[in-house]
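Mapping the sequence shown onto the UniProt record's numbering, position 360 (from 1) lands on 360, and the numbers just tick up by one.
We put the CB at the ideal spot given by N, CA and C, even for glycine.
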Amino acid sequence: MNATRTAYRTCPLCEAVCGLELTVTGDRITSARGDRAHVLSAGFVCPKGATFGQLVHDPHRLRRPLLRGADGEHHEVTWDEAFAAVEAGLTGVLTRHGRDAVAVYLGNPNVHTMAGPLYGGPLVKAVGSRNVFSASTVDQMPKHVACGYLYGNPDAIPVPDVDRTDLLVLIGANPLESNGSLCTAPDFPGRLAAVQARGGRIVVIDPRRTRTAAIADDHLFVRPGGDALLLFGLVHTLFDEQLVALDRLDGQVRGVDQVAVLAKDFAPEQVSAACGVPAADIRRLARELAAAPTAAVYGRIGTCAVEFGTLTSWLVDVVNVLTGNLDRPGGVMFPLAPHARPAATPGGKGFRVGRWTSRVRGLPEVKGELPVATLADEITTPGDGQVRALVTVAGNPVLSTPNSGQLDEALTGLEFMVSVDPYLNETTRHADVILPPTDPARVGHYDFAFLTLVVHNMAAYSPPVLPKDPGGLDESDILARLTLIAAGQRFEDVAVGHELLLTQVLQRAADDPGSPVASRTTADLRALVDGDGPAERLLDARLRLGAYGDGFGADPDGLTLRKLLDHPHGLDLGPLRPRIPEVLRTPSGQVELCPEPVAADVARLRAALDRPSDGLVLVGRRHLRSNNSWMHNVPALMKGRDRCTLQVHPSDAAALRLTDGGRATVASRVGTLTVAVEITDTVMPGVVSLPHGWGHGAPGTRMPVAAARPGVNSNILTDDRAIDPLSGNSVLNGIPVTVLPTT
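Written as structure tokens, this is what we have:
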């Protein structure tokens with residue numbers, strides 16, 4: 001008889017990092033529920049987390065590598081055969097065409113594993129190509145760019161101190177569906193309810209009456225892409241009515257007067273028609289933000305994936321600064337992750353973009369990568385530097401990137417493609433080799449990305465729940481072997497690769513005069529590193545060198561991996577605390593409120609004031625039961641009514657002669673699709689909405705549950721030529737479309 005036991009781990013299926021309590025019978029997870037003892041989620045779990053076992057044991061999940069045969073079909077092979085094929089394919093392209101002929105695409109799931117953050121960077125460095133792409137330029141790069149200019153560090157992103165705020169304003173964010181994004185807050189619904197229970201208010205600004213908007217105290221419909229105009233209206237009002245109060249930031253901010261000059265052209269009465277929000281409501285909200293004891297403005301994907309994404313993201317922080325709510329309890333604050341070590345003094349080199357540009361369209365590099373909107377161009381356009389091979393690590397860009405039909409076709413022309421992915425999906429079906437990582441229950445878990453964005457400082461590590469699959473391979477080993485191949489070394493020497501990476505981490509610390517281990521030898525430090533696997537050893541080193549770490553023995557009470565293992569429900573590291581000026585990496589050592597590249601883009605926004613706002617525009621949406629395109633092969637998450645519908649306002653439906661449940665043809669500059677219609681007043685007039693992440697069932701895929709209810713791919717309609725120029729982020733919301741009933 002198989003014994004039953006209880007295990008605890010962090011859910012890896014979204015950004016909320018909730019704790020799970022798993023029932024394990026033999027070698028199977030038989031149930032999952034919220035961990036009531038977890039230090040932050042306290043028993044909360046969403047439908048995704050509750051199906052963790054079904055995802056792990058999905059019979060269609062790949063567990064052995066696949067190789068495309070001469071017949072064009074994928075066949076299971078040994079790991080050695082698979083890596084030999086990768087070595088031949090990648091080395092051949094590198095030898096014939098050079099480093100830039102190999103592109104790398106890193107998908108969203110990379111940040112939900114330990115291996116992705118630890119090994120993704122070394123892989124990219126080993127490939128040595130300028131053609132690096134990721135999911136960041138479809139959903140979040142504007143926030144990185146804005147914060148890079150403001151604070152000197154594109155990864156210094158302030159999050160709303162939701163547990164202590166009196167007024168929370170959410171723009172283009174729907175955390176009751178997303179569970180939060182660029183803001184890690186387990187049980188976001190409970191946290192919002194607590195804001196209201198203590199007498200606080202919640203305001204949602206969104207072109208849809210989302211689940212979050214429905215529970216808010218106030219909801220303002222905004223024209224898609226008009227968020228920057230609305231925010232500038234708030235800024236104008238703060239100056240116009242003498243409501244600006246920097247409070248503790250006084251003397252820490254440069255450029256306030258320049259922002260005041262820029263805001264003069266954006267009075268609420270001037271921006272109202274273009275953004276769709278009444279001028280009186282804009283002025284009222286500005287006064288409420290200035291008067292509230294504490295307030296936090298939080299913008300998410302609806303403020304990033306738009307025409308003025310960087311301006312909008314910047315203005316969110318400008319409003320927080322001008323109302324004195326940046327870096328104070330109850331406002332927006334900078335978390336301090338356990339694996340991060342703050343610098344001894346503020347200031348630094350600052351942030352810049354454009355160290356190189358894309359070959360075909362001349363688009364600037366940002367954070368070491370190029371806009372994914374131009375990946376297809378780089379594959380299909382002949383010439384020196386043409387992309388001829390592609391490495392994808394997770395993600396499904398054929399469904400998630402703009403004008404995705406064009407990318408789907410472009411992938412057929414590659415000389416070689418290798419994908420690290422557990423599914424044969426719409427993207428990986430083009431790969432010559434597919435390398436599937438072992439399932440997440442068989443590896444340890446620590447959130448390198450999301451603990452930098454958490455609303456209450458904490459740490460948690462989850463050891464493997466299930467034993468290793470003897471024939472499977474950990475993602476750390478897969479990425480290490482790919483790194484060795486790209487660097488021209490033997491892929492069999494994976495242990496050497498792991499140790500080299502650990503040595504680099506330790507050597508950087510030993511060479512840093514401000515480090516707790518300065519001048520100690522790497523051999524001495526390596527002997528003290530703990531952990532059952534290479535990723536765990538790297539984690540232990542990072543924790544010991546981090547903000548709360550033991551400094552390899554310098555602080556006996558400090559944090560180590562062993563201490564996290566002793567706290568299976570997570571370790572509470574305290575509420576967020578002020579971190580300015582410590583967090584700033586600008587050359588001035590101050591907040592640069594009016595960076596020149598951002599200020600120069602205001603003229604483009606000003607011109608939009610006179611633009612006609614008639615015609616339908618398309619926006620996306622998401623659902624609590626999915627995370628992009630990942631989870632549509634889990635039966636329990638696909639139950640219920642059809643979620644892939646075109647939502648249309650009743651007045652627009654009447655004018656277009658659309659019927660609820662009928663079909664409509666939707667067309668944009670780049671594509672056309674047909675989809676079921678859902679008539680609802682939850683979208684504002686002039687706006688139609690399609691969820692992203694659908695469009696399954698392409699020939700050659702092996703996701704039959706997803707294919708049974710395929711939906712349509714909204715990115716057939718999004719335009720690869722529409723990007724935010726400051727960040728290269730794709731414009732996925734506010735796409736002009738025509739809609740006609742399907743006859």
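Should residue i go down as buried or exposed, given a rule of 16 or more other Cβ atoms within 10 Å for buried?
i: H75; result: exposed
i: G69; result: exposed
i: R519; result: Looking at the sequence shown, residue 519 is not Arg but Ser. Exposed, because fewer than 16 other Cβ atoms sit within 10 Å of the Cβ of S519.
i: residue 830; result: Shown here, the chain extends from 1 to 743; a query on residue 830 therefore has no answer.
i: R537; result: buried
i: D408; result: buried
i: Q406; result: buried
i: S313; result: buried
i: A280; result: exposed
i: residue 744; result: Outside the modelled stretch of the chain, which goes from 1 to 743, sits residue 744, for which no answer is possible.
i: V261; result: exposed
i: P122; result: buried
i: T210; result: buried
i: P699; result: exposed
i: P587; result: exposed
i: T374; result: buried
i: T113; result: buried
i: L482; result: buried
Can you find the residues in the same chain that come closer than 6 Å, C-beta to C-beta, to residue i, ignoring five residues on each side of it along the sequence?
i: I301; result: D139
i: K468; result: R442
i: A7; result: L22, V24, V465
i: A722; result: V731
i: V233; result: For the record, residue 233 in the displayed sequence is Gly; it is not Val. So the list reads F266, P268, V271, I282, once near-sequence residues are dropped.
i: D187; result: S41, F44
i: S668; result: L717, I735, V737
Output needed for residue i: all residues of its chain with C-beta closer than 8 Å, excluding positions within five of it in sequence on either side, in chain order.
i: Q258; result: L593, C594, A599
i: G553; result: L528
i: residue 762; result: Lying outside 1 to 743, the shown extent of the chain, residue 762 is not represented and no answer is given.
i: V712; result: C644, L673, T674, V675, L690, W694, G695
i: P556; result: D550
i: L543; result: P338, H339, A459, G549, L559, T560, L561, L564
i: R287; result: T237, E241, L243
i: D601; result: F308, T310, L311, P725, L726
Measuring alpha carbon to alpha carbon, tell me which residue in the options is nearest residue i.
i: K367; options: G347, F351, D27, T718; result: F351
i: R164; options: A292, L176, E499, V56; result: A292
i: V297; options: L363, R577, N320; result: N320
i: L726; options: R211, L482, D512, R604; result: R604
i: D227; options: Q504, A173, H649, R5; result: A173
i: D530; options: L564, T521, P513; result: L564
i: G190; options: D247, T212, P12; result: T212
i: T380; options: T412, D601, E365; result: T412
i: P650; options: P534, A197, V195, T682; result: T682
i: L363; options: L229, N729, S626; result: N729
i: S358; options: P346, V372, K143, G347; result: V372
i: L170; options: E73, Y149, D155, D317; result: D317
Name, in chain order, the residues that DSSP records as bridge partners for residue i.
i: T674; result: T665
i: T6; result: T23
i: D572; result: M458
i: S134; result: L106
i: V739; result: V666
i: F448; result: According to DSSP, F448 bridges with nothing at all.
i: L435; result: V420
i: T381; result: BP columns for T381 are empty, so no partner.
i: V391; result: V104, V418
i: A298; result: The displayed chain sequence assigns Tyr, not Ala, to residue 298. Looking at the DSSP assignment, Y298 forms a beta bridge with L170.
i: P160; result: V332
i: S31; result: T23
With a CB to CB cut of under 7 Å and the five nearest residues on each side skipped, what residues in its chain are close to residue i?
i: A480; result: Y119, V494, G497, H498
i: W79; result: P65, L473
i: G180; result: E15, A16, F188
i: C183; result: V159, P160, Y298, L453, V455
i: H569; result: Y8, G19, D35, A37, H38, V39
- Item | the stretch 119-136 contacting the stretch 477-491, beta-carbon criterion three pairs below 8 Å | Taking one beta carbon from each stretch, the stretch 119-136 and the stretch 477-491 have 3 or more pairs nearer than 8 Å; the two touch.
- Query: Looking at C-beta atoms only, is the number of pairs between the stretch 543-553 and the stretch 448-455 that lie closer than 8 Å three or more?
  - Reply: With fewer than three CB-CB distances shorter than 8 Å, the stretch 543-553 does not count as touching the stretch 448-455.
- Take every Cβ of the stretch 87-103, pair it with every Cβ of the stretch 385-394, and state whether three or more of those distances are shorter than 8 Å. Touching, yes.
- Task: Determine contact between the stretch 278-293 and the stretch 620-637, defined as no fewer than three beta-carbon pairs at a distance below 8 Å.
- Result: Short answer: they don't touch.
- Query: How about the stretch 240-257 and the stretch 576-596: do they share at least three Cβ pairs that are nearer than 8 Å?
  - Reply: Touching, yes.
- Three CB pairs or more closer than 8 Å across the stretch 189-206 and the stretch 244-253: No, they do not touch.
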